[in-house]
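Worksheet: one structure, shown below.
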Amino acid sequence: MSTLFRYSPLLLLAAGWELIVRLGLVSQLALPPLSHVVLAWVDMIRNGELVSNGVSSLWRASAGLALAVAVGAALGIAMAWWRAANAALGPLVEMFYPMPKSALIPVTVLWLGFGDGSKILLIFLGCMLPVTLGAFNGARGCDEALVWSARCLGASHVRVLWDVVVPSALPEILNGVRTALALAFILLVSSELIVAREGLGYLIGYLGANGTYDAMFAVVLTVAFLGFAADRAYQALVERLLLWRE
Amino acid sequence: MQGRKVERGGSQIVIEGIDHLYRPPRGRPVLALSDVSLEVRPREFLALLGPSGCGKSTLLYLIGGFLPTERGSILLDGVPISGPGPDRGIVFQHFALFPWKTVRANVRYGLEKMRLSRDERERRAQSFIDLVGLTGFEESYPSQLSGGMKQRTAIARTLAIDPKILLMDEPFGALDAQTRHLMQGELLGIWRRSPKTVIFVTHDVQEAVYLADRVAVMTARPGRIKTIVDIKLDKRDPGIAKSMAFIDAVDEVWELVRDEAIKAQEARVSP
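Chains as they are written, first to last, in the numbering used here: chain Y, 1 to 246; chain L, 1001 to 1271.
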């Protein structure tokens, strides 16, 4: 009930959309009525177009993101723990962090072609640094007293890294991953729009070029919903992982 | 009162000519400890007492092996200290519990590093949780506990692996007065039942006199050992804190600390 109430502005927006098009306030060429969009969506689900392209997009996003989280977290923690790692990698991270990652789209295509590889590499490169930075800050903020306590309880210097530093850094790592999750969707769709033969971004571009705008809007809404659902699911996961934080 | 003359054979820890330079991330290095020598006997309860900033915690961290010894030496049973180890347990003022672990998992942590059967490990963790009066809170996270309960967990965690030496860094400093008083009594009880060497850092004169066999009074920065006072009180007497002998001992130690406390304050006012 309260959830329904919370999202009632969305229902209003949907009703307003349908209404202004039906009343002729906006041309149907610029904005097809929502009902047509829904019908187009149902069609594309039936003929499998949306599912097959969706699966290929989600595979690219999850593979790139998983790599980014694993490598990014390891790099960040290594930089916080070993001065040499920080000296070697710190300046690179600083340089590449503010760079707009979409600029790498042509580069990754040049290296890995039009298929999955270039998208996964792009998402990996684009999403890694927020995780690295989160892990670095989290690990650096690790309380020395916890490290010393673990050593006094018999943990080796290396063991402390896994037992104390990683869990200490976890909240910040998870924050970085949330940023990365949003970036993954942006990079996925923009790279598929520019050079791809399948995927949701490709589908948006293809349908738009063909003038089938109701279908194009259906895919845009699908992407928006996937992004929202992913963020929500992620937040629920984080809440469970950080149950100890009160 | 007694000087630094302790026969060498009877000492467990021998600290000789320690200097320690504290290097803040910004600003000039500060000499925190200067020519500190001290001997600690097996199974004694030694208090390190001094004004804040005198380096008493630093000295404790050097014994713990958390900080490198740059000048002088610290021998434990004749062997120089080269890092932290399970022979020296630590209890910090702010507990230093693993916040992502429950009370039980915190107490179990050190036991997991020992070669014990699962049953033995669980049994031992439970017995130390019971010992500190936390029965029923095994599955609570530190964030759900009061300060006193957190410190009980930390003490159980350290005692569980049975270290030879217990290093305590103002362990009751963050607790309210009543809890502190209770915990002091319990610590004495635990120590009497299974005596081990305790080095207890505090700036509270009453606490030092109440708990310790010997009180090492430190000077204001740079810290050195000013004197060591032998406390000859019967710690089993529950009314000891109200006795004349106790009050006299507190007075005696307070006289020694007062000048240093004033110096420490002046040093803080004029940079």
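Cβ atoms here follow ideal geometry from the backbone N, Cα and C, with glycine treated the same way.
In the DSSP assignment, what are the bridge partners of residue i?
i	result
residue 1168 of chain L	L:1091 and L:1200
residue 1229 of chain L	L:1215
residue 1016 of chain L	L:1073
residue 1080 of chain L	L:1075
residue 1223 of chain L	L:1033
residue 1021 of chain L	L:1031
Using CA coordinates, which residue listed in the options is at the minimum distance from residue i?
i	options	result
residue 1295 of chain L	L:1180, L:1031 and L:1050	This structure cannot speak to residue 1295 of chain L, because chain L is shown only from 1001 to 1271.
residue 1216 of chain L	L:1031, L:1023 and L:1047	L:1047
residue 1131 of chain L	L:1112, L:1120, L:1111 and L:1160	L:1160
residue 1112 of chain L	Y:81, Y:150 and Y:194	Y:150
residue 162 of chain Y	Y:73, Y:6 and Y:24	Y:73
residue 1077 of chain L	L:1187, L:1155, L:1157 and L:1013	L:1013
residue 1223 of chain L	L:1263, L:1011 and L:1198	L:1263
residue 1205 of chain L	L:1074, L:1124, L:1120 and L:1252	L:1252
residue 65 of chain Y	Y:239, Y:208, Y:170 and Y:183	Y:183
Let's see if you can read the secondary structure: which residues bound the beta strand (DSSP E) around residue i?
i	result
residue 1045 of chain L	1045-1049
residue 1039 of chain L	1030-1040
Please list the terminal residues of the continuous alpha helix (DSSP H) segment that includes residue i.
i	result
residue 1076 of chain L	No alpha helix (DSSP H) contains residue 1076 of chain L, which is instead part of the beta strand (DSSP E) from 1071-1076.
residue 94 of chain Y	83-96
residue 1096 of chain L	It is not in any alpha helix (DSSP H) - residue 1096 of chain L carries neither H nor E in the DSSP assignment.
residue 14 of chain Y	8-22
residue 223 of chain Y	213-241
residue 248 of chain Y	Not covered by the structure: residue 248 of chain Y. The range shown for chain Y is 1 to 246.
residue 1144 of chain L	Per DSSP, residue 1144 of chain L belongs to no alpha helix (DSSP H) and is neither H nor E.
residue 127 of chain Y	116-140
residue 1062 of chain L	1056-1064
residue 246 of chain Y	Segment: none, residue 246 of chain Y is in no alpha helix (DSSP H) and carries neither H nor E.
residue 1126 of chain L	1118-1131
residue 1243 of chain L	Here residue 1243 of chain L belongs to no alpha helix (DSSP H), and DSSP marks it neither H nor E.
residue 187 of chain Y	166-194
residue 1026 of chain L	Note, residue 1026 of chain L: premise wrong, no alpha helix (DSSP H); not H, not E.
residue 106 of chain Y	105-112
residue 1175 of chain L	Careful: residue 1175 of chain L lies outside any alpha helix (DSSP H) and carries neither H nor E.
How would you label residue i, buried or exposed, when you count the other beta carbons within 10 angstroms and need 16 or more for buried?
i	result
residue 100 of chain Y	exposed
residue 219 of chain Y	buried
residue 235 of chain Y	exposed
residue 228 of chain Y	exposed
residue 10 of chain Y	exposed
residue 1020 of chain L	buried
residue 76 of chain Y	buried
residue 204 of chain Y	buried
residue 111 of chain Y	exposed
residue 1187 of chain L	buried
residue 78 of chain Y	buried
residue 216 of chain Y	buried
residue 55 of chain Y	exposed
residue 1266 of chain L	exposed
residue 1039 of chain L	buried
residue 1248 of chain L	exposed
residue 129 of chain Y	buried
residue 1098 of chain L	buried
residue 121 of chain Y	buried
residue 82 of chain Y	exposed
residue 1193 of chain L	exposed
residue 90 of chain Y	exposed
residue 1203 of chain L	buried
residue 47 of chain Y	exposed
Just the chain B side, please: which residues come within less than 7 Å of residue i by C-beta, in chain order?
i	result
residue 146 of chain Y	The displayed structure is made up of protein chains Y and L, and chain B is not among them.
Legend entry - Members of the region 1165-1185 of chain L near chain Y, C-beta cut-off 7 Å: none
Inset, instruction - Select from the region 1062-1075 of chain L all residues with a C-beta closer than 7 Å to any C-beta belonging to chain Y, and list them in chain order. - result: 1064 and 1066
Inset, instruction - Identify each residue in the region 1128-1147 of chain L for which the Cβ-Cβ distance to at least one residue of chain Y is less than 9 Å, and report them in chain order. - result: 1141, 1142, 1143 and 1144
Legend entry - Members of the region 1231-1246 of chain L that neighbour chain Y once the beta carbon cut-off is set at 7 Å: none
Legend entry - Residues in the region 1101-1120 of chain L having any Cβ partner in chain Y nearer than 9 Å: 1101, 1102, 1109, 1110, 1111, 1112, 1113 and 1114
Inset, instruction - May I ask you to list, following chain order, the residues of the region 1083-1095 of chain L that have a beta carbon less than 8 Å from some beta carbon of chain Y? - result: 1083, 1084, 1085, 1086, 1088, 1089, 1090, 1092 and 1094
Legend entry - Against chain L: residues of the region 113-143 of chain Y by CB proximity under 9 Å: 143
Legend entry - Short-range partners of chain L found in the region 217-232 of chain Y, where Cβ spacing is below 8 Å: none
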